[in-house]
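Let me begin by presenting the structure, written as structure tokens, before commenting on it.
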């Protein structure tokens, strides 16, 4: 029975080595996983919407401040360090 057990242990070690090799190979292709790609696309859509929302909020604030305080929009952007070419993404 010890010979059989030894043989099974060797077979188990070979299978575990093959499994770890396949797992490492699978990691190299993980970036092409369709589920991961869908998740990244969804996350980028959410991030883009958030960036546009914040940009719109800045423009709304700029409009409000310029109206209330009779300030030129160029002064507003200069004072708050907003780039002249800022726009929605």
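Numbering (my numbering), first residue to last: 29 to 117.
All C-beta atoms in this analysis are idealised placements derived from N, C-alpha and C, irrespective of residue type, glycine included.
Judged by DSSP in its simplified three-state form, residue 111 adopts coil rather than helix or strand.
Inside the stretch 46-109, DSSP marks whole alpha helix (DSSP H) runs of 4 or more residues at positions 62-96 and 101-108, from first to last along the chain. For residue 91 and residue 72, the gap between their C-alpha atoms comes out near 28 Å. Under the Cβ criterion (8 Å, minimum of three pairs), the stretch 74-89 counts as touching the stretch 98-117.
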